[in-house]
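Just so you know, we're using numbering that gives the first Met the number 0 here: the sequence shown kicks off at 0 and counts up by one.
Let me begin by presenting the structure, written as structure tokens, before commenting on it.
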Amino acid sequence: MTIDELSTDPEFNIAFQPIIHGSDGSIFGYEALARPKSGISPLLYFNALQGEALTVADCRCRHLALALARLNRVSGSLCLNILPSSIMHPIYGIAATISLARQIGFCLEHLIFEITEHEPIGDYQRVRACLDASRNEGVRFALDDFGAGFNGLSTLMELRPEFVKFDSSLVGKIGQDVEQTCFITSIIGGCRAFGSRLIAEGVETGEIFADLRSREFDLMQGYYCGKPTLAPSRADCTAA
Ligand code: G
Ligand code: MN
0 MTIDELSTDP
10 EFNIAFQPII
20 HGSDGSIFGY
30 EALARPKSGI
40 SPLLYFNALQ
50 GEALTVADCR
60 CRHLALALAR
70 LNRVSGSLCL
80 NILPSSIMHP
90 IYGIAATISL
100 ARQIGFCLEH
110 LIFEITEHEP
120 IGDYQRVRAC
130 LDASRNEGVR
140 FALDDFGAGF
150 NGLSTLMELR
160 PEFVKFDSSL
170 VGKIGQDVEQ
180 TCFITSIIGG
190 CRAFGSRLIA
200 EGVETGEIFA
210 DLRSREFDLM
220 QGYYCGKPTL
230 APSRADCTAA
């Protein structure tokens, strides 16, 4: 398939949201966010699917995002969401996405898989082996929405992701009171001890941005840093 063909899908658009450096506001990269064309929320769309249909949709969104990022020359790192149950799938898993990246000339060092919080991980040892094999090819991993769903301390300690994305609900608790702030500060220290970089999600104001920057969050994502923007496909450009 050509990049033009890969960059359109009958059911999905992809929005790209910037992730920026706290130090100087420059762009680190983008997270690709699936947007069903029907207008329903991505969460509702994916919640209605299960089994192979869910794995296929998860993969389709990743591959559409990859093609659109290449087509639009999206700069820096690209974060692609992946369900835990998709990771090791022989046809629709990480290996397939890496293979597509190679095929279209997308630099693997710029690829970050965000492991989402919607499912538990049954066998950490096997998943870790798969992540390590993929790391050998140059890609990196982020733990998505840390502090929400199944992405808690066990997942963090077992997978040792290169990036930890603090869920907006956790970010919102920082500074609320001494106890909660102290607890979260300890977790931040733990992440740093593992060598993970911290990404704050849901950064909505300059005040929050400045506060987080002083707490070792070197990367920020949220409406204050930039809203998700739909990427045009070649078909859109031709039609315009
Ligand atoms: O689950 P995940 O964190 O990958 O999804 C992020 C979702 O949160 C996206 O649908 C995106 O549109 C939304 N989002 C991004 N930034 C903000 C923000 O600053 N505030 C809120 N409320 N939502 C955000
Ligand atoms: Mn995500």
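Think of the CB as a built atom: it goes at the ideal place given N, C-alpha and C, for glycine as much as any other residue.
Inter-residue CB distance, residue i and residue j (contact presumed, cutoff 8 Å)
i	j	result
Ile198	Phe165	7 Å
Cys78	Tyr29	7 Å
Pro83	Ile120	5 Å
Ser76	His109	5 Å
Tyr91	Val138	The Cβ separation is near 16 Å, so there is no contact.
Ile81	Ile114	6 Å
Asp57	Ser98	At roughly 16 Å, the Cβ-Cβ gap does not stay under 8 Å, so Asp57 and Ser98 are not in contact.
Asp8	Leu42	So it is not a contact: roughly 18 Å between Cβ atoms.
Proximity to residue i [Cα-Cα], best of the options
i	options	result
Glu200	Arg72, Gly146, Phe182	Gly146
Ala14	Asp23, Ser40, Ile2	Ser40
Gly96	Glu51, Cys60, Leu142	One point to set straight first is that residue 96 is Thr, not Gly, in the sequence displayed. Taking only the C-alpha atoms, the option nearest Thr96 is Cys60.
Glu215	Gln16, Ser168, Arg196	Arg196
Tyr223	Ala94, Arg69, Thr204	Thr204
Pro35	Asp217, Ala47, Gly221	Ala47
Gly171	Ile183, Val163, Leu70	Ile183
Leu229	Cys190, Pro89, Asn12	Asn12
Met0	Gln102, Phe162, Val73, Glu51	Gln102
Leu70	Ile81, Gly104, Pro89, Gly50	Gly104
Gly225	His20, Glu10, Pro9	His20
Glu51	Asp23, Val73, Pro89, Ser74	Pro89
Ile207	Thr154, Ser25, Gln175	Gln175
Asp143	Asp23, Leu169, Asp131	Leu169
Proximity below 9 Å, CB of residue i to CB of residue j
i	j	result
Leu152	Ala66	no
Pro231	Gln16	no
Met87	Cys129	yes
Ile173	Asp210	yes
Arg125	Leu158	no
Tyr44	Ala31	no
Phe37	Ala94	Here residue 37 is Ser; the residue named in the question, Phe, does not match the sequence. No.
Phe162	Ala141	yes
Asp185	Gly221	According to the sequence displayed, residue 185 carries Ser and not Asp. Going by C-beta atoms, Ser185 is not nearer than 9 Å to Gly221.
Leu218	Ile18	yes
Arg212	Ser25	no
Item to complete: Give, in chain order, every unbroken run of the beta strand (DSSP E) that is at least 3 residues long and sits entirely within the region 158 to 209.
Response: 162 to 165, 196 to 199
Worksheet entry | Start-end ranges of the alpha helix (DSSP H) lying completely within the region 72 to 156, minimum 4 residues | 93 to 103, 123 to 134
Worksheet entry | beta strand (DSSP E) runs contained entirely in the region 4 to 78, provided each spans 3 or more residues | 11 to 20, 26 to 35
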